[in-house]
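S.K.:
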Amino acid sequence: MNNGIIRGVSKRAQEIIESTQPYHARIPRNDPLAILHDLNNIDKHKLLLVVSSYTYVPHTISLTFLRGDEPKPDEIEYIPADWANRMVRSVNGGAELLRVRFKRPTHMTVFAQFEPRIALEKFGTGEDEPLLIGLSMLKDAVIEKIKLFEGQF
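In my numbering, the protein residues as written are 57 to 209.
Given below as structure tokens:
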């Protein structure tokens with residue numbers, strides 16, 4: 057550690073600073089301070105912060121069958137099978153969020169609720185991090201790191 061940069065800071069505060077450096081993390085690029093550093097560099101260099109439009113598909117879909125012809129569970133196929141609680145990237149012309157197939161003709165109405173979201177294209181080593189979730193996680197992580205310095209200054 058370069059003590060010239062933090063000259064005058066107590067030995068304990070220097071130890072805390074050293075211990076919270078991103079290179080100590082299991083995956084340094086995913087450390088909240090490293091992610092903040094990357095976001096800060098993007099801003100300073102006036103580069104475009106790339107975000108994408110997504111649709112969050114919560115576990116909310118309601119099928120109401122008419123004329124009493126409700127199919128049995130094994131007569132309904134959801135594509136993809138793990139359709140719920142995921143993000144789907146919107147592309148030109150839209151995005152397919154979910155398909156429901158029935159083994160026999162049926163009469164029904166469908167109610168589904170989907171949520172539009174904005175996501176950061178790159179977030180540490182990950183991709184497509186929902187913006188509000190990612191920023192909230194960074195805020196919480198920074199607050200925890202600041203608390204380490206209580207009583208040091």
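Ideal Cβ placement from N, Cα and C applies to all residues, glycine included.
1. Which residue marks the beginning of the beta strand (DSSP E) containing A175, and which one marks its end?
2. With distance defined between alpha-carbon atoms, name the residue in P78, S109, R82 nearest to D94.
3. Tell me whether the segment 117 to 131 and the segment 173 to 181 touch, counting them as touching only if at least three CB pairs, one residue from each stretch, are closer than 8 Å.
4. Assign Y134 to one of two classes, buried (16 or more other C-beta atoms within 10 Å of its C-beta) or exposed (fewer than that).
5. Pick out whichever of G124, F121, I61, Q70 has its Cα sitting closest to the Cα of L204.
6. State buried or exposed for G150, treating a residue as buried only when at least 16 other CB atoms are found within 10 Å of its CB.
7. Along the beta strand (DSSP E) that carries G190, what are the first and last residues, could you check?
M.R.: This is what the structure gives:
1. In this chain, the beta strand (DSSP E) harbouring A175 covers 171 to 179.
2. Considering only P78, S109, R82, the residue with the shortest C-alpha distance to D94 is P78.
3. Cβ pair count under 8 Å is below three, so no.
4. Sixteen is the threshold: since fewer than 16 other Cβ atoms of the shown chains lie within 10 Å of the Cβ of Y134, the residue is exposed.
5. Minimum Cα distance to L204 is reached at Q70.
6. Exposed, since its Cβ has fewer than 16 Cβ neighbours within 10 Å.
7. Per DSSP, G190 is not a residue of any beta strand (DSSP E); the alpha helix (DSSP H) it occupies stretches across 187 to 203.
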